[in-house]
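So the protein sequences, as listed, match chains A and B. The first sequence finishes on residue 628 if you use the numbering used here, and the numbering steps up by one all the way, no holes. The second sequence finishes on residue 394 if you use the numbering used here, and the numbering steps up by one all the way, no holes. Inspection log for the structure reproduced underneath, given as C-alpha cells.
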Amino acid sequence: METLAVYVPRLITTKEYFAPGHRACMGCGEALAVRLVCKALGRNVIIANATGCMEIVSSPLPYTSWEVPWIHTLFENAAAVASGIEAGIKVLRRKGKYSKKPKVVAMAGDGGTADIGFQALSGAFERGHEFIYICFDNEAYMNTGIQRSSATPFGASTTTSPAGKVSIGQATWKKNMPAIAVAHDIPYVATACPSYPFDLMNKISKAIKIEGPAYIHILSVCPTGWRLPADLTIRAGRLAVETGIFPLYEVEEGKYVLNVDFPRLRPVEDYFKLQGRFRHLTQEVIAQIQERVTAEYTRLREKAARVRDNE
Amino acid sequence: MIEIRWHGRGGQGAVTSAELLALAAISEGKFAQAFPSFGPERRGAPVLVFNRVSPNSPIRARVSVAHPDIVIVLDPGLLYITDVTSGLKEDGILVLNTPKSLVEIRSELSGPWRLAVVNATSIAREMIGVPIVNTTMLGALARATRIVELDSLTEPILERFGARARGNVDACRKAYEETETGEPAGIVPKRPKIFEGEELPTWQELLPGCVLTKPGSARQYRTGDWRSERPVWDHQRCIKCGICYLFCPEGCVKQTKEGYFEADLYYCKGCGICARECWTEAIKMVEE
Ligand SMILES: Cc1ncc(C[n+]2csc(CCOP(=O)(O)OP(=O)(O)O)c2C)c(N)n1
Ligand code: SF4
Ligand code: SF4
Ligand code: SF4
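Structural data, given as C-alpha cells:
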C-alpha cells in the first residue's frame with residue numbers, strides 16, 4: 318500500500334474546486350476521483366466534460382459544483398472541444414490578445430472515452446494538442462443505468478450483458494485504453510485510482526507540465542453499478558490494484574514505470590467477492606480470468622523491468 | 107380518478123411499488139399509470155413516484171401529480187426533511203411508514219388530511235429479512251384507501267419477485283392487518299427548507315446557452331437529507347491524520363480549530379467511507 322502520509326490537510330490544498338452539493342450516489346468513487354483531480358489541477362484550468370454521471374450530477378441547472386471554468390460537451394466530442402479551446406488560446410496568445418495560459422483538460426466516462434468519444438480522442442492525440450484527457454472509468458454506462466461498454470470487464474453482469482443461465486455476463490475482455498493511448502506515441506500516459514490519492518494527484522501534477530497530450534485513466538469505483546456497499550469504495554479500488562486487475566503505472570515517452578508493485582498479487586477472487594456484478598462467476602471462469610490477469614501483469618512488469626535495466 | 111404520490115429514497119423500490127399497484131388495478135379492470143419523476147438524484151436521495159388510477163375511463167394526463175389524493179411515505183426520515191404533504195388535497199390521506207403510534211404522529215404532524223400509519227420497517231425485517239418496505243407499504247395502502255383489493259396485489263408481487271416473493275406477499279398482508287387509520291388534529295410543524303438562501307432564478311433570468319456565472323452554487327443544495335446514518339467521531343481515538351478528510355467523496359469533512367475532524371451534515375450522505383477507512387476506528391456510523 319502507498320504510504321499514507323499523516324496530516325493530510327497540510328500536504329494538499331484544503332480548497333474544494335468540485336463543490337459539495339453535487340448529486341452523485343453516496344460513496345461514489347468517481348465523484349471522489351473528480352474531487353482529487355480538481356485539487357491537483359488547481360484554478361488555472363478550463364475543463365471540457367462529456368456527458369455522463371459526473372456531468373449530470375454536477376450541473377443541474379441552475380446549480381454547478383464547478384469552481385473553475387467548465388464547459389459541458391456532447392457525449393462524443395470532449396476531446397474535440399478541448400482541442401478547439403487549446404488551439405483558440407494559442408492563436409489569441411500569438412496575436413497578443415490573451416496573456417494567460419490555462420491548462421486545458423477533457424473529461425469523460427469510459428463510455429465517452431473508449432466507445433463514443435474515441436475518434437475525437439484519437440484525433441486530438443494525433444494532432445498533438447497540449448491537453449490532459451482524463452477517463453473516469455467506472456466500467457459501464459452508469460448514468461443511463463449500467464449498460465455495458467467496451468471497458469466493462471469480462472464476466473461482469475450489466476443490464477445489457479446480464480448474467481443468466483447461459484450468459485456469464487460480459488463476454489468480451491476489457492478494452493485496454495491506456496495501451497491504445499500509448500500506441501499514439503503521446504508523451505505521457507498513466508493509470509490511477511482514488512484509493513491511492515497521492516499517486517493520483519502526483520500524476521495530475523506531472524501531466525500539467527507535459528507539452529503535448531497526456532492521458533490519465535482513473536479506475537472509479539461505482540457502488541451502484543458494481544453492486545457494492547457504499548462504504549467499500551476505497552477498499553474495492555485498493556483490491557483492484559492489489560490483485561493486479563488494475564495496475565498503477567506510467568508511460569513517459571514510451572517508457573513504462575510500475576508505480577505500485579507487489580511481491581505477490583492477491584487472488585482476483587478477493588476483488589470479485591465484494592461485488593454483486595461478479596456474484597454469479599463459477600470457479601472455472603474465475604480461474605480463466607486469473608490466468609489472463611497474471612499473464613497481463615507479468616507482461617507489464619517485464620516492460621517496466623526493461624526500462625529499469627536500460628537506465 | 108385517484109392520484110397518488112410516493113415519497114421514497116433512491117434504491118428503496120418506490121418505482122416497483124407503484125408499478126405493482128398499477129398492475130393490480132389493471133387486473134381489476136381499472137385504468138392505471140405508474141411513473142417516477144426523473145432527476146439527477148441517485149441512490150439514497152429522496153425520490154418521487156406517481157400513480158393514477160381510474161375506475162372506468164382511460165387516463166390522458168401525462169404530467170406529474172401536483173395535487174395528490176393519497177401520499178405514501180416509505181422512509182420515516184423523509185417526514186422531517188421534505189414537505190410530503192405539499193399539494194395534498196384537503197380530503198386526502200397520508201399513509202406513513204413509522205415506528206410511532208397514530209397518537210404520537212398526530213401530535214407532530216397535522217392538517218386536514220386523514221392519516222394511516224404502520225411500522226413497515228419492522229414488518230419487512232420480520233417477514234422478508236431486510237428493511238425494504240415497498241411491498242409492505244402496498245398492504246398499508248390497500249387497507250387505508252381501498253384503492254385495490256389486497257388479493258389483487260398478490261399476483262403482481264409473485265410475478266415480480268419470483269423466488270423471493272413469499273416474504274413480500276406475507277409482509278404486504280401483515281401490513282394490511284396492522285395499519286392504523288385516523289383523523290389528524292393539532293398544529294402543523296415547521297419544515298426545514300430544502301433550498302437555503304437564494305431563490306432559484308426564473309427562466310427569464312438565465313443566460314442563453316445555459317451559462318452559469320456563480321461558481322460552486324451547488325453548495326446551496328442540501329444532500330444531507332439523503333443520509334440514513336451519520337458519522338460520529340471519537341476524539342479519544344483520533345490521531346488527527348486526516349484520512350477521513352481525504353477520502354470523503356463529498357469533500358464535506360472539515361478540520362476543527364482543535365485539529366479534529368467532523369462532517370458537515372448539510373452535505374454528508376452517510377456513505378460510511380470515512381468510518382471504514384479510519385485506521386484507528388475513531389469514527390462510528392450511527393442511525394439517524
Ligand atoms: C450520442 C449520445 N448517446 C447517448 C446519450 C445518453 N447518455 C448520456 S450519459 C450516457 C452514459 C455515460 O456513460 P459513461 O461515459 O461511461 O460515463 P458514466 O456515466 O459511467 O460516468 C448516455 C448513454 C447521449 N447523451 N448522447
Ligand atoms: S452511478 Fe456510479 S458513477 Fe454514477 S454517480 Fe452513482 S456511484 Fe457515481
Ligand atoms: S481518519 Fe480517523 S484518526 Fe485520522 S483524522 Fe480521521 S478520525 Fe482521526
Ligand atoms: S459518511 Fe463520511 S465519507 Fe461519507 S459523506 Fe459523510 S462524511 Fe463523507
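Where a beta carbon is used, it is the ideal one built from N, C-alpha and C, also for glycine. Computed from a predicted model, the values in this text were never measured in an experiment.
Please name the residues in the region 325 to 352 of chain B whose beta-carbon is closer than 8 Å to at least one beta-carbon of chain A, in chain order. Arg325, Gln326, Tyr327, Arg328, Thr329, Trp332, Arg333, Ile345, Lys346, Cys347, Gly348, Ile349, Tyr351, Leu352
Between A:Asp548 and chain B, is any beta-carbon pair separated by less than 9 Å? It does; some Cβ of chain B falls within 9 Å.
Is the beta carbon of A:Val398 less than 9 Å from the beta carbon of A:Leu358? If you check the CB distance, A:Val398 and A:Leu358 do not come in under 9 Å.
Any beta-carbon of chain A closer than 9 Å to the one on B:Pro321? Chain A contact via Cβ: present.
Given 8 Å as the limit, tell me if A:Gly338 has its C-beta closer than that to any heavy atom belonging to ligand 2. no
Does chain A have any CB closer than 9 Å to the CB of B:Pro295? Note on B:Pro295: pLDDT 47, under 50, position unreliable in the model; the coordinate value appears next. For B:Pro295, the answer is no, since every Cβ of chain A falls outside 9 Å of its Cβ.
Could you name the residues whose beta carbon sits closer than 6 Å to any heavy atom belonging to ligand 4, keeping them in chain order? B:Pro337, B:Cys354, B:Glu356, B:Cys358, B:Val359, B:Ala369, B:Cys374, B:Lys375, B:Gly376, B:Cys377, B:Gly378, B:Ile379, B:Cys380
Would you list the residues whose beta-carbon is nearer than 6 Å to any heavy atom of ligand 3, in the order they occur in the chain? B:Trp339, B:Cys344, B:Ile345, B:Lys346, B:Cys347, B:Gly348, B:Ile349, B:Cys350, B:Phe367, B:Cys384, B:Thr386, B:Ala388, B:Ile389
So for A:Lys420, helix, strand or coil by DSSP? strand
DSSP beta-bridge partners of A:Glu567: A:Ala507, A:Val574
Short-range partners of chain B found in the region 472 to 488 of chain A, where Cβ spacing is below 9 Å: none
Heavy atom of ligand 1 within 8 Å of A:Ala423 beta-carbon: For ligand 1, not one heavy atom lies less than 8 Å from the Cβ of A:Ala423.
Report yes if the C-beta distance between B:Ile229 and B:Ala271 is below 9 Å; otherwise report no. no
If you run the structure through DSSP and keep just helix, strand and coil, what is B:Asp181? Three-state result, B:Asp181: coil.
Return no unless some Cβ of chain A is closer than 9 Å to the Cβ of B:Lys390. no
Outcome for A:Tyr505 when other beta-carbon atoms lying within 10 angstroms are tallied against a minimum of 16: Per the 10 Å Cβ criterion, buried.
Quick check: is the beta carbon of A:Arg552 nearer than 9 Å to any beta carbon in chain B? yes
In angstroms with no decimal places, state the Cα-to-Cα distance between A:Met494 and A:Leu565. Approximately 14 Å between the Cα atoms of the pair.
Short Cβ contact (9 Å threshold) for A:Gly554 with A:Asn460: no
I need the residues with a C-beta less than 5 Å from some heavy atom of ligand 1; please give them in chain order. A:Thr368, A:Gly369, A:Cys370, A:Phe392, A:Gly426, A:Asp427, A:Gly428, A:Gly429, A:Asn455, A:Tyr458, A:Met459, A:Asn460, A:Thr461
Compare the Cα-Cα distances from A:Glu443 to each of A:Ile497, A:Lys418, A:Asp432 and report the closest residue. Distances from the CA of A:Glu443 to each of A:Ile497, A:Lys418, A:Asp432 were compared; the closest alpha carbon is that of A:Ile497.
Residue nearest to B:Val159 in terms of C-alpha spacing, selected from B:Gln361, B:Ala128, B:Cys380: The option with the nearest alpha carbon to B:Val159 is B:Ala128.
In this structure, does DSSP put B:Val392 in helix, strand or coil? B:Val392 falls in the strand class under three-state DSSP.
For B:Pro152, the residue or residues it bridges with in DSSP: Per DSSP, the beta bridge partners of B:Pro152 are B:Arg115.
Identify, in the order they occur along the chain, each residue of the same chain with its Cβ nearer than 7 Å to the Cβ of A:Met343, setting aside the five sequence neighbours on each side. Ala547
Taking a contact to mean a Cβ-Cβ separation below 9 Å, would you say B:Lys375 touches B:Thr319 in this structure? It is not a contact, given that the beta carbons lie outside the stated cut-off.
Report yes or no: is there a C-beta of chain B within less than 9 Å of the C-beta of A:Tyr380? yes
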